[in-house]
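Single-structure report; data block below.
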């Protein structure tokens with residue numbers, strides 16, 4: 001084993017991953033997950049700031065001093081409604097919780113901590129100059145934790161930001177992701193006896209339904225890459241003989257840029273006001289959160305890809321190959337064959353299909369092919385990418401064909417296959433950070449690309465200053 005290799009921390013990181021996975025804590029409530037990370041970081045000599053940006057489960061941990069500043073972005077929040085027992089190949093919820101790590105953020109956080117431990121060793125023995133800063137970023141799922149951290153100025157002096165995401169194959173992201181806005185629409189009407197005096201009632205539920213109908217008609221007149229999703233979070237009760245005086249719907253609105261997302265959001269707001277007008281109800285619009293589009297950086301992506309290729313793929317055992325094959329069998333074969341691995345559908349489709357056919361365990365590295373492509377999902381790392389050149393690495397941690405936000409991903413989250421992909425990602429990120437620290441001139445090329453893409457425009461936070469993160473109520 002090479003001297004500076006993440007493998008020496010396998011046991012520690014395996015336990016950390018299992019702690020985060022089993023805790024399965026959702027946005028801004030990730031206390032056990034954060035405590036386990038900070039224990040390792042403090043023991044490794046990192047200087048820790050808890051409660052960053054006024055969020056209990058956000059943190060900043062530093063090693064070294066001065067420039068350049070390399071930021072590592074950790075996530076560790078779970079999703080509600082995705083409870084699942086480990087290694088089970090059918091939907092089998094855990095009886096003790098409704099939550100689960102259906103996006104692999106248990107692995108994401110673990111890999112970042114692994115990278116930080118390797119970087120500690122580099123600092124100790126190679127006299128590196130600069131700062132490694134680990135950002136504990138809560139609430140990526142529906143909370144936009146990094147955006148609140150950005151608004152607080154925590155990324156102002158970062159020179160390069162590195163992160164990764166568990167996937168079904170190994171690649172470096174080169175495209176963008178959508179900006180988004182999330183808001184509650186709360187309708188207030190008048191209750192009445194639905195049989196004896198319906199004319200005296202004004203239904204808030206009718207208003208929600210009319211709003212949803214109006215938005216659905218709007219879909220024909222949006223950009224092809226725009227997305228609008230909703231969940232009815234309060235129907236006004238379960239008594240059909242009562243005119244519902246209150247109802248609530250939560251909307252998530254996505255578009256290519258923060259500006260176009262705002263335009264689409266304004267259209268949705270107009271539809272909500274129209275629904276209120278039609279039903280003679282009142283609507284309260286409560287802005288919840290937002291995030292910016294991801295600014296790609298091909299120079300940094302290529303550097304990271306080179307380190308991935310240099311390191312080479314992790315060795316998989318026959319048992320691990322059989323493990324992922326059995327999970328791939330839980331989804332249709334056509335989905336496995338066309339699995340984009342969280343990349344845009346147009347990213348090397350023919351090469352990707354060929355490699356998937358030849359390596360059904362995802363044991364390949366996709367060629368580096370920078371494109372101005374778009375993943376029609378969102379991430380709050382977009383706001384960090386407005387401050388600093390940012391790269392997101394992907395490594396194979398899950399069976400081909402299985403999808404994010406699914407029980408299959410939860411089930412595979414503590415497997416040795418997933419852990420090997422996590423260690424692989426951590427080592428690549430550590431090696432990339434070391435290269436940037438020892439050759440800071442490389443950062444200049446990435447910064448030039450960022451300035452060109454943003455046209456040197458200053459960052460504008462998409463969340464209004466009066467909006468605060470929706471923190472859990474303390475009991």
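Residue numbers (the numbering used here): 1 to 475. Ideal Cβ placement from N, Cα and C applies to all residues, glycine included. For clarity, every value in this text was computed on a predicted model and none was experimentally measured.
Rounded C-alpha distance that separates residue i from residue j
i	j	result
residue 446	residue 389	6 Å
residue 457	residue 387	10 Å
residue 295	residue 316	34 Å
residue 150	residue 65	21 Å
residue 116	residue 134	7 Å
residue 3	residue 54	39 Å
residue 413	residue 191	47 Å
residue 391	residue 104	18 Å
residue 417	residue 397	6 Å
residue 204	residue 225	31 Å
residue 419	residue 78	17 Å
residue 197	residue 272	26 Å
residue 247	residue 368	49 Å
residue 9	residue 76	19 Å
residue 354	residue 184	44 Å
residue 309	residue 88	33 Å
residue 100	residue 41	25 Å
residue 385	residue 67	18 Å
residue 122	residue 128	7 Å
residue 58	residue 454	27 Å
residue 460	residue 230	26 Å
residue 465	residue 30	24 Å
residue 12	residue 404	26 Å
residue 156	residue 138	19 Å
residue 154	residue 470	19 Å
residue 467	residue 289	8 Å
residue 159	residue 443	7 Å
residue 452	residue 438	25 Å
residue 333	residue 371	28 Å
8 Å CB neighbourhood of residue i in its chain, flanking five on each side removed
i	result
residue 307	428, 431, 432 and 435
residue 358	364
residue 263	255
residue 267	218
residue 228	215, 218, 219, 222, 251, 252, 253, 254, 264 and 268
residue 374	175, 176, 177, 178, 225, 256 and 344
residue 6	13, 114, 115, 117, 118, 423, 426, 427 and 430
residue 318	none
For residue i, three-class secondary structure by DSSP
i	result
residue 133	strand
residue 342	coil
residue 89	coil
residue 234	strand
residue 229	strand
residue 73	strand
residue 154	coil
residue 8	helix
residue 80	strand
residue 254	strand
residue 245	coil
residue 49	strand
residue 62	strand
residue 357	helix
residue 470	coil
residue 99	strand
residue 27	coil
Beta-carbon separation (whole angstroms), residue i vs residue j, contact threshold 8 Å
i	j	result
residue 26	residue 80	6 Å
residue 275	residue 222	No, residue 275 and residue 222 are not in contact; Cβ-Cβ is about 18 Å, not under 8 Å.
residue 109	residue 23	Contact doesn't hold; Cβ gap of about 11 Å is too wide.
residue 462	residue 269	So it is not a contact: roughly 15 Å between Cβ atoms.
residue 524	residue 351	The question about residue 524 has no answer here: the residues shown for the chain are numbered 1 through 475.
residue 323	residue 415	6 Å
residue 74	residue 37	7 Å
residue 111	residue 425	4 Å
residue 193	residue 241	7 Å
Chain-order list of residues whose beta-carbon lies under 7 Å from that of residue i (same chain, five-residue window excluded)
i	result
residue 280	202
residue 341	167, 168, 169, 171 and 394
residue 106	17, 20, 21, 76 and 413
residue 293	176, 177, 178, 179, 256, 257, 258 and 382
residue 278	210
Chain-order list of residues whose beta-carbon lies under 6 Å from that of residue i (same chain, five-residue window excluded)
i	result
residue 401	328, 331, 335, 336 and 339
residue 92	85
residue 173	392
residue 209	none
residue 380	140, 144, 146, 147 and 291
residue 299	445, 446 and 449
residue 243	191, 192, 194, 201 and 203
inquiry  = Runs of 4 residues minimum, wholly inside the stretch 362-431: which ones carry the alpha helix (DSSP H) assignment?
reply    = 381-385 and 407-412
ask   = Taking only runs of the beta strand (DSSP E) that begin and end inside the stretch 161-218, which ones reach a length of at least 3 residues, in chain order?
value = 179-188
task = Please specify which runs of the alpha helix (DSSP H), each continuous and at least 4 residues long, are wholly inside the stretch 270-337, giving them in chain order.
result = 298-311, 318-328 and 333-337
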